[in-house]
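Numbering that gives the first Met the number 0 applies: residue 0 is where the sequence shown begins, and numbers increase by one. In what follows, a single structure is set out as structure tokens and then discussed.
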Amino acid sequence: MRHLMSPMDFSVEELEKLMDLAQDISADPAKYAHKCDGRILATCFYEPSTRTRLSFESAMLRLGGQVLGFATADSSSAAKGESVSDTIRIISSYADICAMRHPKEGAPMVAAQKSWIPVINAGDGGHQHPTQTLTDLMTIRSLKGSLSDMTIGLCGDLKFGRTVHSLINALCRYENVSFIFISPPELKIPDYIREDVLIRNNIPFKEVIKLDDVMPELDILYMTRVQRERFFNEEDYVRLKDFYILNKEKMALAKSDMMVLHPLPRVNEISVEVDDDERAMYFKQVKYGMYIRMALILTLLEIE
Ligand code: NCD
């Protein structure tokens with residue numbers, strides 16, 4: 000039995016197969032409409048979510064399966080003090096596969112160790128968010144044709160943004176990828192990513208504060224929200240929340256085929272005037288997320 004805790008749990012070859020499957024599903028959804036008949040997905044969300052939870056549910060429903068679960072910690076027995084290890088043992092009796100989001104780093108991993116069904120990390124604190132990364136990889140591969148040869152700028156909250164951490168890990172395995180990290184000094188990438196992932200693997204990167212200066216170099220700009228819920232005090236959040244606002248003037252500095260991605264939800268970091276720019280791909284990205292989750296469910300349930 001396999002779980003998904005980090006994008007590194009799949010080899011590059013396995014990721015290719017997963018994306019091929021997602022592409023086939025999107026081309027011919029009817030072929031897959033009954034693949035999960037009689038199967039149940041549990042969504043155990045101890046933290047708010049719109050896209051991730053609903054795209055998992057939509058993915059399972061479109062495969063013919065059913066879903067159950069909870070959307071907040073206070074509507075589950077966690078409110079009574081139950082541990083995730085106990086909860087997953089219970090869920091293992093009710094469902095065939097579980098997607099879990101938790102504010103504590105490592106909680107889905109603890110659950111996986113006690114689980115009798117595959118567990119998918121749907122975001123653990125400020126740590127990892129592997130299925131968002133699968134979505135991002137699928138989006139880049141579909142729209143750019145390849146995951147190699149690019150300069151990607153990641154902008155915003157690089158300290159607490161789990162989508163950023165997972166994406167860096169995953170992209171390091173492709174040829175000729177370089178990173179530009181754009182953040183205020185307080186929200187730089189964590190040391191373990193800089194040292195253990197980038198420097199150790201000789202990946203080219205630079206860290207800057209100003210977005211305008213690097214705009215012309217980018218093939219992809221990955222914007223992120225300042226993660227209010229992970230700040231220790233509101234004052235720091237208020238000071239940093241509008242540090243970057245991508246607008247038309249900034250877009251004018253970029254290549255004509257640069258692609259803007261965002262895991263969403265957006266707050267202020269992308270002005271709505273950018274939505275109509277043909278380089279804005281963040282709403283398209285959402286659809287890829289559903290197909291890749293369909294492929295993931297089939298793969299972890301070992302359904303042909
Ligand atoms: C992200 C997350 O939960 O980390 N959202 C998502 O799943 N698409 C990004 C965020 O909340 O800022």
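For every residue, glycine included, the Cβ atom is placed at its ideal position computed from N, Cα and C.
Which of helix, strand or coil DSSP assigns to residue i
| i | result |
| --- | --- |
| S165 | helix |
| R100 | strand |
| S141 | helix |
| T71 | coil |
| G122 | strand |
| E206 | strand |
| M280 | coil |
| I269 | strand |
| Q112 | helix |
| L146 | coil |
| Q127 | strand |
| L252 | coil |
| L299 | helix |
| L157 | coil |
| G105 | coil |
| P28 | helix |
| R172 | coil |
| S10 | coil |
| A94 | coil |
| S82 | coil |
| F55 | helix |
| I188 | coil |
| Q22 | helix |
| K240 | coil |
| D135 | helix |
| D211 | helix |
| R199 | coil |
| K34 | coil |
| D235 | helix |
Residue from the options whose Cα sits closest to the Cα of residue i
| i | options | result |
| --- | --- | --- |
| E272 | G288, K247, V266 | K247 |
| D73 | E81, N120, M0 | E81 |
| T298 | Y93, I269, L62 | L62 |
| G122 | S92, S270, L166 | L166 |
| L3 | I39, G68, G105 | G105 |
| C171 | Y191, V66, L146 | L146 |
| C35 | K283, M59, I24 | M59 |
| D27 | Y290, I89, A169 | Y290 |
| E228 | D195, Q284, G124, F282 | G124 |
| D95 | L239, I119, P189, L217 | I119 |
| H164 | E206, E301, P189 | P189 |
| I90 | A78, I116, S5 | I116 |
| H261 | Q284, D276, S5 | Q284 |
| L313 | V176, L157, S10 | Any question about residue 313 goes unanswered here, given that the chain covers just 0 to 303. |
| D126 | S141, M137, P107 | Here the sequence assigns His to residue 126, which means Asp is not the residue at that position. Closest option to H126, Cα to Cα, is P107. |
| G288 | F242, I244, E277, M137 | M137 |
| K209 | L263, Y243, S5 | Y243 |
| R265 | Y236, Y281, V11 | Y281 |
| Y191 | I24, F159, A78, E56 | F159 |
| E13 | V83, S76, A70, A169 | A169 |
| M214 | V11, F231, V259, D276 | V259 |
| M7 | Y173, G68, E56, D276 | Y173 |
Bridge-paired residues (DSSP) for residue i
| i | result |
| --- | --- |
| I151 | F178, I219 |
| F44 | R100 |
| Q65 | I39 |
| L260 | Y221 |
| L3 | I119 |
| L245 | I269 |
Contact test: residue i Cβ vs ligand 3 heavy atom, cutoff 6 Å
| i | result |
| --- | --- |
| G124 | For the structure depicted, ligand 3 is absent and the ligand set comprises only ligand 1. |
Q | Given 8 Å, three or more beta-carbon pairs between the stretch 43-58 and the stretch 92-105 | A | yes
**Q.** Inter-stretch contact (C-beta, 8 Å, three-pair minimum) for the stretch 133-144 and the stretch 105-114
**A.** no
Q. Does the stretch 198-205 come close enough to the stretch 251-268 to have 3 or more Cβ pairs within less than 8 Å?
A. no
Q. Between the stretch 147-155 and the stretch 177-195, do three or more beta carbon pairs fall short of 8 Å?
A. yes
Q) Within the chosen definition, does the stretch 289-298 reach the stretch 12-22 through at least 3 CB pairs nearer than 8 Å? A) yes
Q: Flag this pair as touching only if the stretch 260-270 and the stretch 215-225 have three or more C-beta atom pairs under 8 Å; answer yes or no.
A: yes
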